[in-house]
Structures are given as structure tokens and as C-alpha cells.
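Protein chains: 2
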Amino acid sequence: MFSDFSLFGFEQPFSKMKAENKHSKIISAAVKVFAKKGFFTARISDIAKEAKVADGTIYLYFNNKYDILLSVFEEEIGKIVKKTVNLIEKESDPQIMLEIFIAQHLLAMKKNKNLAEVIQIELRQSNKVIKNYRNNKFTEYIGIIGEIIEKGQKTGVYRDDVNPEIAKRAFFGALDEVSRVWNVSLETHYTVEEISSQIIQFFLSGISSPPLQVSGKS
Amino acid sequence: MFSDFSLFGFEQPFSKMKAENKHSKIISAAVKVFAKKGFFTARISDIAKEAKVADGTIYLYFNNKYDILLSVFEEEIGKIVKKTVNLIEKESDPQIMLEIFIAQHLLAMKKNKNLAEVIQIELRQSNKVIKNYRNNKFTEYIGIIGEIIEKGQKTGVYRDDVNPEIAKRAFFGALDEVSRVWNVSLETHYTVEEISSQIIQFFLSGISSPPLQVSGKS
DNA sequence: AGAACATGAATGACTATTCATTCATGTAAT
DNA sequence: ATTACATGAATGAATAGTCATTCATGTTCT
Numbered sequence: 000m001f002s003d004f005s006l007f008g009f010e011q012p013f014s015k016m017k018a019e020n021k022h023s024k025i026i027s028a029a030v031k032v033f034a035k036k037g038f039f040t041a042r043i044s045d046i047a048k049e050a051k052v053a054d055g056t057i058y059l060y061f062n063n064k065y066d067i068l069l070s071v072f073e074e075e076i077g078k079i080v081k082k083t084v085n086l087i088e089k090e091s092d093p094q095i096m097l098e099i100f101i102a103q104h105l106l107a108m109k110k111n112k113n114l115a116e117v118i119q120i121e122l123r124q125s126n127k128v129i130k131n132y133r134n135n136k137f138t139e140y141i142g143i144i145g146e147i148i149e150k151g152q153k154t155g156v157y158r159d160d161v162n163p164e165i166a167k168r169a170f171f172g173a174l175d176e177v178s179r180v181w182n183v184s185l186e187t188h189y190t191v192e193e194i195s196s197q198i199i200q201f202f203l204s205g206i207s208s209p210p211l212q213v214s215g216k217s
Numbered sequence: 000m001f002s003d004f005s006l007f008g009f010e011q012p013f014s015k016m017k018a019e020n021k022h023s024k025i026i027s028a029a030v031k032v033f034a035k036k037g038f039f040t041a042r043i044s045d046i047a048k049e050a051k052v053a054d055g056t057i058y059l060y061f062n063n064k065y066d067i068l069l070s071v072f073e074e075e076i077g078k079i080v081k082k083t084v085n086l087i088e089k090e091s092d093p094q095i096m097l098e099i100f101i102a103q104h105l106l107a108m109k110k111n112k113n114l115a116e117v118i119q120i121e122l123r124q125s126n127k128v129i130k131n132y133r134n135n136k137f138t139e140y141i142g143i144i145g146e147i148i149e150k151g152q153k154t155g156v157y158r159d160d161v162n163p164e165i166a167k168r169a170f171f172g173a174l175d176e177v178s179r180v181w182n183v184s185l186e187t188h189y190t191v192e193e194i195s196s197q198i199i200q201f202f203l204s205g206i207s208s209p210p211l212q213v214s215g216k217s
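Protein chains in written order, with numbering that gives the first Met the number 0: chain Y, 0 to 217; chain C, 0 to 217.
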């Protein structure tokens, strides 16, 4: 891959720059079109139109339609993983790490609703299409949750009888479904903070009413 | 009335029976093929082959390819909803109702892994394909969770500060993701009971270590 | 000029759907 | 009981339409 220095906002007077612009223009367009139509219903010509390039131009940058989808995953999920890891590494308290993860995920999904949809729907579908694409970035992403939980168990803030493998899935599933619906429909009126706090509450304390605590210490 | 022998040895006394058989044979075949290949990659001829009918026969029972997918949802999810509602109605304790829902869901997903995959993947995709399909059965299904939570809040077993709309999504998402992965890969070694108890634990008590409780009696 | 880049109409492969025909079974007539 | 007729379920080859991909041609750089 050649994504070394290609950040937006800086004009480089080399011909290479032009090419990189097209590359990312096509990626962005693909995200948008895949989100709107789904991978299979999306036409190359739709993506070309959205990116304002000719159909044939797309084949100067990508091998085929699947390659576009794959590139979208690698590049876009990669960004999220990188950013999340970056933020979490600085923390040491598992509780806070988990809160950061949630907030970060919801923010990312809110910021780019199209990408959220592509990830949520096409990622699953894609296993069937691209036979040996392993979703490395995605697995890495979910793995972060598992590591946080394990860390919390070592330091004693999380129970030992919680299975981190199951927990990380349940945790991600909850986050994912909430943000999926949140993007699609009714629940638009909830804020990131509101959903964040609800999800943290679920996972840390559950939904049960707290037992009456006759506490010696409070 | 009857001819003694038919050439092929089978008697089909009622022509209608034959028809109903075909309908459900096609549905089952479709579930299998959609699960294996995904809706778009699946060919009508694949389904026909799997159902052991001719391509054209399918159009005697369904209007088109989408109609098959839609029927799969309506009929198969309908069955699950019916069975679940049936079991839950007999209960009055929200805690037990929730446990039944979880066990029921996991069992259903385990019993028919293909259906699980179709629901988990294609159901989401379908909004884009079938423009005005509202996933009525599916919404109804998730709604059950919301009702249980609300009931629990009225009787005081669940906190009032839990938002049932968000909670039902988080709850379903967790269940869904766990059973999705469970079907696909590694985690096959967990039992329904193990996963059930983990999920119940998450939602009722969270993952935090319980605060030291100094009981009133000591 | 030559190279690199871009275009979009034309190609060709693929597959959902149709429909003329066959076939199995039921009914009526003898 | 046998034959003739009627019904409509089932078939699968042919059709018709859709797109991903290519490539002959144009444009823009150095």
C-alpha cells in the first residue's frame, strides 16, 4: 500500500498528487455509494459518477469492484483502529479505556454514517464474496475490547467469571446494533453521551435494580 | 379410483399437498442457498437444484427472487416470534421472561444455522433491496425485549434510569453478535447454557466486580 | 513529440424471468 | 376396465436485460 504521506489539505505540485487525489476520491465515492445501494446493487458507473471520473478511470486505480470494497475496509477501518489504539494506549485504568472505546466508536460511526453502514452490512456479506479476506483490521478492532477486559480482570475491577471472548462479542454487538439503528431511524434524538452512558451502565452494572445495600462503607 | 401402480411407485393422492410441499421445499432450499452464497450471489438455478425442482417451478410459487427472500423472513422469523411469545406469555416474572428469550433465541439460531446467517446478514441488506419492506416480524421480535424491560421497571426489578429503547437494541445486538460468531468460528465449543448465563449476567449485573457488601446481618 | 493520464462507448459474460410444451393425474364415457 | 378427454403442475431452453470490464481514442502534461 502507498498511503504513507497522503493527507488532505496539502498541495503537492507533482503529478503523483493528482493520482492520489483520484484514488481517495474514488474511495470516498465508493463508501457513499456502497452505503446507499449496497455492494451488489452499486454500479461501477454510480461510483464513477459520484467521484466525477469516467468509468474506465476506476480501473486505473483498482483491479475490480471487489478490490474497491476491500480497499475501503483496509483503509477506513485501519484509520479507526489506529486512532482508537492511540487514545487507549495512554490510559491505564481499564474502566476509562472501555469508556474511551465506546465513545470513540460511537463518534466514528456518527461522523461517517455511510462508512458505518458499509462496515456493518458489507463486512459480514463480504466473507462470502471475498473468500480469503480475513478482516484483519476488524478482528484487531474487536480484539481491543478483549484485551481491556482481561486487563480489568487482572487488576480486579472486572469479575473473573466473565468470559472475555464472549464478553467482547456481546459488547461489540451491543454497540454495533445501537449505532446501526441510531443511524437508520427513530432513535436519532439520542446523543452520543446518552447512548455512551447507557451502554457503559449496562456493561458495568447491568439493568437490575441495585440490591439494597446496608453498607458499612459507602 | 386408484390405479394400482404408478410407473414411479409414488402415490400423491391430493394435488394440493404436492403444492404445499414444493412451497416449503423451495423455502428451505432458499435458506440454505442464501446462507451459503448470499442473496445476490445465489442463483435461482441453485435454489431450484437444491429444492429438486425446475427453475420455472419456482415462479409458480414466488413472484421473483426478492419475493423468496421476503417469504423466508416472514415465515421463518414468524415461527420464532410465535414460539417465543407463546413461551413468554405464560410467565409473569420479567427476570424469567428475559432468560427464556435468550435461551429461545440461542436455541433457534443453533438449530438452524443457515437461517441464522440469512437473518443476520441478509435481513440488514434487504432494506436496500426491497424498498418498502419494513421487517415487521423482526421489529415485533425485538419489541418483545422492550416490553419485558418495561414490565420489569414497573415491578421494580429493573432500574428506572435504563432506557428500554436503547436497552432492547443493546440486548439484541449482544445476543445477535454472539450467536453470529458462535456459528461461524472458534467459539463453537461454548454451550448454549454457558452463553446464556454469560449474557444474562452481563445484562443483569454487568461485568464489574460486585462492591463489597456488608450484609445487615453480618 | 512522447508519455502519462483519462474517457466512455462497445463488448461480452452472466442470469432472472418467460412461455411453449410435456407429463401426471383425475374424471367421464363406454 | 379401458379409453378418451381435461386439468394444471412442472419443465428447461430461449429471451431479454444488466453491468463489469476493456480498449481505441482523446487530452494534458513535461
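We treat Cβ as the ideally placed atom computed from N, Cα and C, and that holds for glycine.
Residue i lies in the alpha helix (DSSP H); which residues open and close that run?
| i | result |
| --- | --- |
| C/K51 | Neither: C/K51 is in no alpha helix (DSSP H) and is coded neither H nor E. |
| C/K82 | 77-88 |
| Y/N62 | No alpha helix (DSSP H) contains Y/N62, which DSSP labels as neither H nor E. |
| Y/G254 | Any answer about residue 254 of chain Y is impossible in this case: the structure gives chain Y only from 0 up to 217. |
| Y/E98 | 93-110 |
Can you tell me whether DSSP reads residue i as helix, strand or coil?
| i | result |
| --- | --- |
| Y/S196 | helix |
| Y/Y140 | helix |
| Y/N162 | coil |
| C/R168 | helix |
| Y/F202 | helix |
Below 8 Å on C-beta distance, what does residue i contact in chain C?
| i | result |
| --- | --- |
| Y/S207 | V156, Y157, R158, L203, S204 |
Across which residues does DSSP place residue i in a beta bridge pair?
| i | result |
| --- | --- |
| Y/Y189 | The partner list for Y/Y189 (beta bridge, DSSP) is empty, contrary to what the question assumes. |
| Y/S207 | C/Y157 |
Determine the chain Y residues that contact residue i at a beta-carbon separation under 8 Å, and present them in chain order.
| i | result |
| --- | --- |
| C/I198 | I165, A169 |
Kindly list, in the order they appear in chain Y, the residues whose Cβ is closer than 7 Å to that of residue i.
| i | result |
| --- | --- |
| C/I194 | I165 |
Which chain Y residues are close to residue i, counting only those with a beta carbon under 9 Å from its beta carbon?
| i | result |
| --- | --- |
| C/Y65 | Here the premise fails: no neighbours, minimum Cβ distance about 12 Å. |
| C/Y189 | N162, E164, I165 |
Is residue i close to the ligand GDP? I mean its beta-carbon at under 8 Å from any heavy atom of the ligand.
| i | result |
| --- | --- |
| Y/N113 | Although the ligand GDP was asked about, the structure shown includes no ligands whatsoever. |
Using a Cβ cut-off of 7 Å, which residues of the segment 35-47 of chain Y contact any Cβ in chain C, in chain order? Taking 7 Å as the Cβ-Cβ cut-off against chain C, the residues of the segment 35-47 of chain Y that qualify are K36, G37, F39, T40.
Listed in chain order, which residues of the segment 154-180 of chain Y have Cβ atoms closer than 8 Å to some Cβ of chain C? Result list: G155, V156, Y157, R158, D160, V161, N162, E164, I165, A166, R168, A169, F170, F171, G172, A173, L174, D175, E176, V177, R179, V180.
Using a Cβ cut-off of 8 Å, which residues of the segment 138-153 of chain C contact any Cβ in chain Y, in chain order? Contact residues of the segment 138-153 of chain C toward chain Y are I148, G151 (C-beta to C-beta distance below 8 Å).
Taking any Cβ of chain C, which residues in the segment 88-120 of chain Y have a Cβ under 8 Å from it, in chain order? From the segment 88-120 of chain Y, only Q119, I120 have a Cβ closer than 8 Å to chain C.
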